[in-house]
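A short write-up of the structure that comes next.
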Amino acid sequence: NYSDRVTLTHYKAASQIHHAEALGLVRRRKHEMGDFIYLDKAHAVMLTYYRNNILHLLAMPSVIACCFNNSATINRESIKRHIKIAYPFLKSEFFLPWSSSEVGQIIDHVLGCLSSADLIIHHEDPDSFSRPPISTEKHAQLTTLAQVISPVLELYYMIFALLAEHGSDTLTRERLEELCYLMAQRLSLMYEINSPDFFDKKLIGNFINSLIKLGYVSVNESNNLELSEFALNEGRYARRLLDKNMQYNILQMLRTSTSHQ
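Numbering (our numbering), first residue to last: 223 to 483.
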C-alpha cells in the first residue's frame with residue numbers, strides 16, 4: 223500500500239463510470255462493438271483537479287509500466303536503473319514519500335503487485351519481466367497505466383533534449399522555460415495530447431529547479447545554464463522510458479525549430 227491512510231472504493235469500474243455519467247463528467251458514445259467513454263475539452267481540464275489528487279498513488283506503477291514501452295522483456299536491474307534516473311524529479315513533483323535508498327525496495331514491491339495482477343509476467347532465470355501479448359486486454363491495461371505518467375516524462379525529456387541540442391552556456395533559464403513551453407504546446411496541438419500539464423509552466427519550472435538542486439545543471443556568471451556530462455548521459459538513458467514515436471516527434475520538432483532560428 224502507498225499509505226495506511228489511503229482508502230479504496232468498493233464500487234466496480236462499471237459502477238464508477240455510470241456514476242460519473244450521472245454527474246455529467248463523462249460522455250458515452252454507443253457502438254455495436256463496444257461503447258466509447260470520453261471527455262469533452264471543458265471537463266478534461268476540470269477533471270485534472272481530481273486526477274492530480276490521486277496521481278501520486280499511480281506514479282510508481284505507471285513509471286514501471288513505461289519501462290515496457292519499447293521492450294517486450296526487461297530485466298529487474300534495468301528497470302531499477304531507468305526509474306532511479308527519473309525518481310528524484312518525480313519525488314519532487316508528486317511529493318513521493320520514499321528516499322532514494324528505499325526506491326529499489328519499492329520497485330520490487332510494485333513489480334510483485336503488477337505480476338500478481340497479470341499486467342506483467344515474471345521470469346525467474348534470468349530475473350526479468352515481460353509485457354503480456356499485444357492482442358490481450360492485459361497489454362491494453364499496461365499501456366493505459368503507462369500513459370498516466372507519460373506526459374510528465376515527455377516534458378522532462380524535452381527539457382533534457384533542448385539543453386543537449388543548444389549546448390552549455392547558450393540558454394538562460396527564462397529562455398529554456400519559454401522554448402520548452404512553446405514546444406510542448408505545439409506538440410500538444412499536433413498530436414492532440416489532451417493533458418494541460420504537458421505544457422504547464424509550473425511543472426517546467428519545478429523540473430528546472432530540480433535539475434539545479436541535483437547539480438545536473440548550474441547557472442554561470444553570465445546567467446546561462448551549463449549542463450553536466452553526467453546529466454547528458456543520464457538524459458539519454460532516461461529516454462528509454464518514452465515511446466519511440468514520441469522521442470522521434472520531440473527530436474524532429476527540436477531540430478526543425480533550431481534550424482528556423
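Backbone N, C-alpha and C define an ideal beta-carbon position, used for all residues, glycine too.
Cβ of residue i within 7 Å of any chain C Cβ
| i | result |
| --- | --- |
| I342 | Checking the listed chains, one finds no chain C in this structure; it contains a single protein chain. |
7 Å Cβ cutoff met for residue i and residue j
| i | j | result |
| --- | --- | --- |
| M412 | I472 | no |
| R273 | I259 | no |
| N446 | D391 | yes |
| F351 | G457 | no |
| Q200 | R461 | The chain is shown only over 223 to 483; residue 200 falls outside these bounds and no answer can be derived. |
| I286 | V332 | yes |
| L464 | L409 | no |
| E387 | L261 | no |
| L341 | Q369 | no |
| H278 | C289 | no |
| K423 | Y403 | yes |
Sequence-distant residues of its chain with Cβ nearer than 7 Å to residue i (five each side left out)
| i | result |
| --- | --- |
| A281 | L312, F316, L318 and I371 |
| P355 | H361 |
| R353 | F290, A294, I342, H361 and L364 |
| Y224 | L279 |
Residues bridged to residue i (per DSSP)
| i | result |
| --- | --- |
| Y260 | R249 |
| E448 | S440 |
| S352 | T295 and I343 |
| T394 | N446 |
Assigned secondary structure, residue i (DSSP; H/G/I helix, E/B strand, else coil)
| i | result |
| --- | --- |
| I329 | helix |
| S314 | helix |
| H265 | helix |
| Y470 | helix |
| L367 | helix |
| F429 | helix |
| P319 | coil |
| V285 | helix |
| E387 | helix |
| V374 | helix |
| E324 | helix |
| T270 | helix |
| L409 | helix |
| Y224 | coil |
| Y403 | helix |
| T231 | coil |
| L464 | coil |
| M475 | helix |
| M380 | helix |
| E254 | coil |
| S300 | helix |
| S357 | coil |
Close Cβ partners of residue i (< 6 Å) along its chain, the five nearest in sequence each way excluded
| i | result |
| --- | --- |
| L385 | L449 |
| Y309 | V325 |
| D257 | R250 |
Spatial neighbours of residue i in its chain, beta-carbon cut-off 8 Å, leaving aside the 5 residues before and after
| i | result |
| --- | --- |
| L393 | L384, L385, L401, N446 and L447 |
| A242 | V248 |
| L425 | E315, V374, L377 and D419 |
| V441 | R395, I434, L447 and E448 |
| S337 | I343, H344 and F351 |
Residue i Cβ short of 6 Å to the ligand GDP heavy atom set
| i | result |
| --- | --- |
| H265 | For the ligand GDP, the structure offers nothing, since it holds no ligand at all. |
Within 8 Å, do at least three Cβ pairs link the stretch 306-317 to the stretch 394-409? No, the stretch 394-409 does not touch the stretch 306-317.
Contact the stretch 275-291 vs the stretch 317-331: 3+ CB pairs below 8 Å:
Flag = yes, the stretch 275-291 and the stretch 317-331 touch.
Is there contact here, the stretch 295-312 with the stretch 338-355, by at least three beta-carbon pairs under 8 Å? Counting Cβ pairs under 8 Å, three or more are found: they touch.
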